[in-house]
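Working notes, beginning with the structure itself.
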Amino acid sequence: MSEAIDAEGLIKRFGKVTALDGLDLRVRTGEVHGFLGPNGAGKTTTIRILLGLMRHDGGTVRLLGGDPWSAATALHRRLTYVPGDVTLWPNLTGGEVIDLLGRLRGGLDPRRKAELLERFQLDPRKKGRTYSKGNRQKVALVAALASDVELLILDEPTSGLDPLMEEVFREVVLQEKSRGDRTVLLSSHILAEVEALCDRLTIIREGRAVETGTLDDLRHLTRTSIQAELTGPPDGLATLPGVHDLRTDNGKIRFDVDTDALEPALQTLVKVGVRSLVSQPPSLEELFLRQYQRDER
Amino acid sequence: MTGTGRLIRLILRRDRVILPIWILVLGLLPIGTFNSFQGLFPTDAERINFAHVSAGNAGFVALYGLLRGDSFAALTSWRVGFGTVMIGLAALLTVIRHTRADEEAGRTELIGSTVVGRHAPLAAALITTAGASLLTGLLIFASLAGKSGSVSGSLAFGAEFVAAGWIFAAIAAITAQLTGSARSARSIAIAVLGASYALRVGGDISALGTGSLSWLSWVSPIGWVTHIFPYGALNWWPVVLSALLTAVAIAVAVDLRGRRDLGDGLFAARLGRANATPSLRTPLALAWRLHRGLLIGWTIGLGLLGLIFGGVGGSVLDIAKDNKGLSDIFARLGGSDQIVDSYLAGTAGIVGLIAACYAVQATLRLREEETTGHAEAVLATSVSRLAWAGSHLLFSLLGPALALFAEGVVTGLVYTQGDFGDILGGVMLQLPAVWVLAAVAVLIFGLLPRWSLAAWAAPAACLLILLVGETLQLNHWLLDISPFTHVPRLPGGAVSATPVLTMLAVALVVGVAGLAGLRRRNIPD
Ligand SMILES: Nc1ncnc2c1ncn2[C@@H]1O[C@H](COP(=O)(O)OP(=O)(O)OP(=O)(O)O)[C@@H](O)[C@H]1O
Ligand SMILES: [Mg+2]
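Protein chains in written order, with my numbering: chain A, 14 to 310; chain B, 2 to 526.
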């Protein structure tokens with residue numbers, strides 16, 4: 014079996030709202046797959062269907078070769094899940110929650126747990142109600158990562174983590190990835206994280222996959238914005254293919270440039286003479302924006 | 002206090018349905034009862050006779066309180082005496098909903114970041130609740146002042162309800178400061194209310210007999226307000242006491258609020274274990290952790306109630322023996338045994354309803370687990386929906402059984418003149434009815450999860466039917482809706498298997514339907 018997750022034409026309605034509208038999602042075994050989309054796009058809903066918490070209204074879905082709805086309990090032994098909104102029982106300690114969730118799944122590795130607690134600098138003795146948002150997130154992460162499973166489903170796992178802990182999270186996931194047999198579905202709004210971890214990604218919007226592929230595949234769709242102070246007039250720049258929205262204010266120029274036209278554009282700038290230059294890589298928002306405009310045309 | 006006005010408007014908007022309902026229901030209950038009494042007793046003789054019988058009936062006194070006077074108005078104020086508990090409950094729920102519950106959910110933080118004083122949420126909740134209680138009292142006054150023929154009595158009657166509302170609003174304001182969770186704040190406040198009621202029952206029953214324990218009514222706010230006797234020996238002192246208690250309690254609450262940070266309780270949380278005990282490995286073990294506080298609390302609470310109910314049983318017997326003047330009435334009721342039996346069977350019915358509240362509360366834990374996201378975490382492991390729900394339901398079925406058992410055993414042991422088996426049996430016979438209400442809660446949770454809180458309507462309706470059903474001459478069809486109508490009465494009555502088996506079957510079918518719904522639906526919904 015080469016596909017850990019295989020969903021085709023998924024449809025999910027909540028009353029009149031259509032949350033998923035023919036969504037396709039394919040995650041290969043052993044890959045880290047990024048799952049992106051604006052708020053309300055349907056990421057969490059998709060994950061809940063994959064977990065058998067919600068039933069889909071149309072399309073087909075296989076998870077680890079089985080039906081996520083009818084075989085839920087058996088499949089869940091082979092996966093772990095970090096929910097988007099982590100809430101802990103107010104009067105159970107973090108350590109108890111980690112042990113409990115691990116055991117309810119069929120066991121966890123105490124050595125691995127201790128190691129992860131150490132790396133995430135988490136005190137497991139605090140009561141659920143007293144953890145900060147980031148620390149609650151860490152409890153869920155340790156609970157999920159301490160189990161030896163085939164599939165990790167992570168819904169915005171680093172929301173609330175400080176940059177240092179985000180880094181730890183990346184290291185741990187990369188380590189898991191290097192084992193080669195673990196599949197990760199990672200829903201995220203942080204492009205840098207997706208960039209660092211994911212082999213492939215799927216972007217969804219309004220319940221439909223609008224793009225899927227490797228990050229490089231997607232880059233050609235994006236533009237970098239450049240802001241530069243030049244020693245002379247920017248002759249010839251405006252007519253270069255791939256340069257958009259060129260404008261000047263106070264002697265500074267700004268423009269957006271397609272990724273594959275970046276080199277000729279920079280050469281033109283250098284020929285004129287550059288005093289300062291700021292380049293902004295495509296942000297997640299821009300990626301979506303491009304996606305949006307492409308669809309409207 | 003800045004921003005209190007805006008917060009009050011927010012509360013009024015959020016509670017625009019429930020607030021008018023409780024004001025109208027409680028405010029118009031007295032006039033409704035008054036009218037139906039007028040229909041029930043067309044002649045003075047009948048009414049006076051009923052008043053005399055009622056005044057000596059321990060079951061009635063336990064449920065409604067002492068009766069002073071025999072006018073329609075006096076009968077009315079006596080009969081709706083339990084309304085003071087209901088307004089107390091409504092008041093405390095309202096205050097906690099808009100203080101600790103908001104704080105726990107983080108809404109207060111959201112509001113706190115706008116221009117709102119630190120004490121504003123508490124002030125807004127108290128002012129709104131006090132206002133609603135006042136409106137309820139005014140409705141009572143306005144509707145009865147003319148009809149009852151006593152303006153001052155009607156004023157006192159209204160004040161009785163207002164006082165109960167204010168006291169428990171203020172008590173809730175204190176409990177909301179104590180812990181970080183709205184659930185415990187609510188539980189503590191309800192426990193205080195329950196204890197007040199139980200003490201009142203004990204004191205009043207004792208007053209019927211030797212009176213040695215009648216002071217119990219005077220350590221209970223519910224006792225105070227029901228001893229105003231607006232149309233009998235009108236006594237304004239309880240109103241003064243209530244105002245004082247309210248003022249003191251609010252001062253304490255404000256002081257406690259000043260000593261703590263947003264979101265915290267008064268007691269700092271301590272560190273716990275770094276690893277779970279080996280036994281914490283099944284859904285049932287988790288359910289035990291989540292339910293044990295509730296189970297212990299309710300079992301102790303009902304056990305104490307048994308102590309009071311059993312303890313005053315002797316007084317009931319005394320009335321029957323000593324009071325020669327009432328002998329003809331007792332004869333008509335079937336002798337002194339009959340009196341005690343009817344008292345014991347009556348209290349068993351009350352205990353059954355209380356246990357039903359526990360059953361509904363325990364069942365709704367499932368919904369709480371769902372809305373907080375805990376259910377999602379558990380169901381994403383290899384725990385099936387039925388195992389998850391079943392482990393909670395075990396507590397909503399067996400928890401009330403244990404609590405009822407505690408009450409029955411304690412009553413039976415304390416009241417030594419009775420038949421232990423009959424007393425315990427009468428209490429345990431409530432269980433099928435309790436389970437029917439638990440099953441209704443499961444049904445709503447399974448099929449209409451967003452309406453889960455509506456499960457409380459079932460015990461509320463049963464209570465109303467128990468309290469005013471016969472007075473309001475509701476037709477049988479309506480009385481029969483309450484499963485408690487069908488519970489065989491013990492001691493003193495005949496036990497037949499049919500109603501018991503029927504109720505068990507109903508509970509089973511309804512519960513299974515709910516679980517079937519749960520298996521097919523979205524989680525969370
Ligand atoms: N239980 C529900 N009932 C009704 N509508 C729902 C429910 N759950 C989700 N939706 C709707 O489905 C759509 C998809 O929501 P979903 O939570 O899957 O988005 P998401 O991609 O996870 O968003 P975010 O990035 O904010 O987490 C939204 O329009 C949401 O309002
Ligand atoms: Mg989401």
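Glycine residues also receive a C-beta, built at the ideal position from the N, C-alpha and C atoms.
Item                                                                                                                                                                                                                  : Value
In chain B, what lies closer than 9 angstroms to A/ARG94 by C-beta?                                                                                                                                                   : The sequence as given places Tyr at residue 94 of chain A; Arg does not occur at that position. Ordered by position in chain B, the residues that pass the 9 angstroms Cβ test against A/TYR94 are GLU377, ALA378, ALA381 and THR382.
Indicate whether at least one CB of chain A lies closer than 8 angstroms to the CB of B/ARG520.                                                                                                                       : no
Secondary structure at B/LEU285, three-state DSSP: helix, strand or coil?                                                                                                                                             : helix
Heavy atom of ligand 1 less than 7 angstroms from the Cβ of B/PHE446, yes or no?                                                                                                                                      : no
When you compare each of A/VAL270, A/HIS46, A/THR31 and A/TRP102 to A/LEU10 by their alpha carbons, which one comes out closest?                                                                                      : No answer is possible for residue 10 of chain A: the residues shown for chain A start at 14 and end at 310.
Flag this pair as yes or no: are the beta carbons of A/VAL207 and A/LEU167 separated by less than 8 angstroms?                                                                                                        : no
Taking a contact to mean a Cβ-Cβ separation below 8 angstroms, would you say A/ARG213 touches A/GLY226 in this structure?                                                                                             : yes
List in chain order: all unbroken alpha helix (DSSP H) runs of 4+ residues lying wholly within the segment 419-454 of chain B.                                                                                        : 421-429 and 432-448
Near B/ALA413, which residues of its chain fall below 6 angstroms by C-beta distance, leaving aside the five closest residues on each side in sequence?                                                               : The sequence shown places Gly at residue 413 of chain B, not Ala. These residues qualify, in order along the chain: PHE421, ILE424 and LEU425.
Per DSSP, what kind of secondary structure is A/SER191 in: helix, strand or coil?                                                                                                                                     : helix
For A/PRO53, would you say it is in contact with chain B, using Cβ-to-Cβ distances shorter than 8 angstroms as the test?                                                                                              : The sequence shown places Gly at residue 53 of chain A, rather than the Pro named in the question. For A/GLY53, the answer is no, since every Cβ of chain B falls outside 8 angstroms of its Cβ.
Please say whether B/LEU398 and B/TRP1 have beta carbons closer to each other than 8 angstroms?                                                                                                                       : The structure shown does not extend to residue 1 of chain B, since chain B spans only 2 to 526, so no value can be given for it.
Here's a check: name, in chain order, each residue in its chain whose Cβ is nearer than 7 angstroms to the Cβ of B/GLY203, leaving out the five neighbours to either side.                                            : LEU214, LEU217, ILE309, GLY312 and VAL313
What does the alpha-carbon distance come out to for the pair B/PHE331 and B/ASP103?                                                                                                                                   : Bear in mind that the predicted position of B/PHE331 carries a pLDDT of just 49, short of 50, making it unreliable; the figure below should be weighed with that in mind. If you take the alpha carbons of B/PHE331 and B/ASP103, they lie about 54 angstroms apart.
Compare the C-beta of B/GLY515 with all C-beta atoms of chain A and state if any pair is closer than 8 angstroms.                                                                                                     : no
Are there any heavy atoms of ligand 1 lying less than 7 angstroms away from the beta-carbon of A/ALA32, as far as the coordinates show?                                                                               : yes
Just tell me which of A/GLY71, A/HIS89, A/GLU109 and A/LYS284 has its CA closest to the CA of B/LEU281.                                                                                                               : A/GLU109
For the segment 253-261 of chain B against the segment 361-378 of chain B, do three or more pairs of beta-carbon atoms, one drawn from each stretch, fall closer than 8 angstroms, so that the two count as touching? : no
By DSSP's criteria, A/LYS140 is part of a beta bridge. Which residues make up the other side?                                                                                                                         : A/THR106
Should B/GLN431 be labelled buried (16 or more other beta-carbon atoms within 10 Å of its own) or exposed?                                                                                                            : buried
Bridge partners for A/ARG200 per DSSP, in chain order?                                                                                                                                                                : In the sequence as presented, Arg is not what sits at residue 200 of chain A; that position holds Ser. In DSSP, A/SER200 forms a bridge with A/PHE48 and A/ASP168.
For B/ASP1, does the three-state DSSP call read helix, strand or coil?                                                                                                                                                : Outside the shown range of chain B, which is 2 to 526, sits residue 1 of chain B, and nothing can be said about it.
Quick one: does A/PRO247 have its CB under 8 angstroms from some CB of chain B?                                                                                                                                       : no
For B/TRP23, which residues in the same chain have their Cβ closer than 6 angstroms to its Cβ, ignoring the five residues on either side in sequence?                                                                 : ALA91
Of the residues that make up the segment 66-86 of chain A, which ones have a beta carbon closer than 9 angstroms to any beta carbon in chain B?                                                                       : LEU66, MET67, ARG68, ALA85 and THR86
Let me know the secondary structure DSSP gives A/PHE27 once reduced to three states.                                                                                                                                  : strand
Are the beta-carbon atoms belonging to B/ALA173 and B/LEU93 less than 8 angstroms from one another?                                                                                                                   : yes
Residues of chain B with CB closer than 7 angstroms to the CB of A/HIS89, please, in chain order.                                                                                                                     : ALA381, THR382 and SER383
Which residue comes first and which comes last in the beta strand (DSSP E) that contains A/VAL287?                                                                                                                    : 287-293
Using 8 angstroms as the threshold, is the C-beta distance between A/GLY65 and A/ARG90 below it?                                                                                                                      : no
Please determine, among B/LEU509, B/GLU161, B/THR372 and B/SER316, the residue with the shortest C-alpha to C-alpha distance to B/VAL241.                                                                             : B/GLU161
Could you give the distance in angstroms between the alpha-carbon of B/MET2 and the alpha-carbon of B/HIS99?                                                                                                          : 15 angstroms
Between B/GLY454 and B/ALA388, what straight-line distance do the alpha-carbon atoms span, to the nearest angstrom?                                                                                                   : In the sequence as presented, Gly is not what sits at residue 454 of chain B; that position holds Leu. If I take the Cα positions, the gap works out to 23 angstroms.
Just verifying my parser: in three-state terms, what is the DSSP assignment at A/ARG132?                                                                                                                              : helix
Among residues of its own chain, excluding the 5 on either side of B/VAL352, which ones have a beta-carbon nearer than 7 angstroms to its beta-carbon?                                                                : LEU303, LEU306, LEU405, GLU408, VAL428 and GLN431
According to DSSP, what are the bridge partners of A/ASP34?                                                                                                                                                           : A/ILE24
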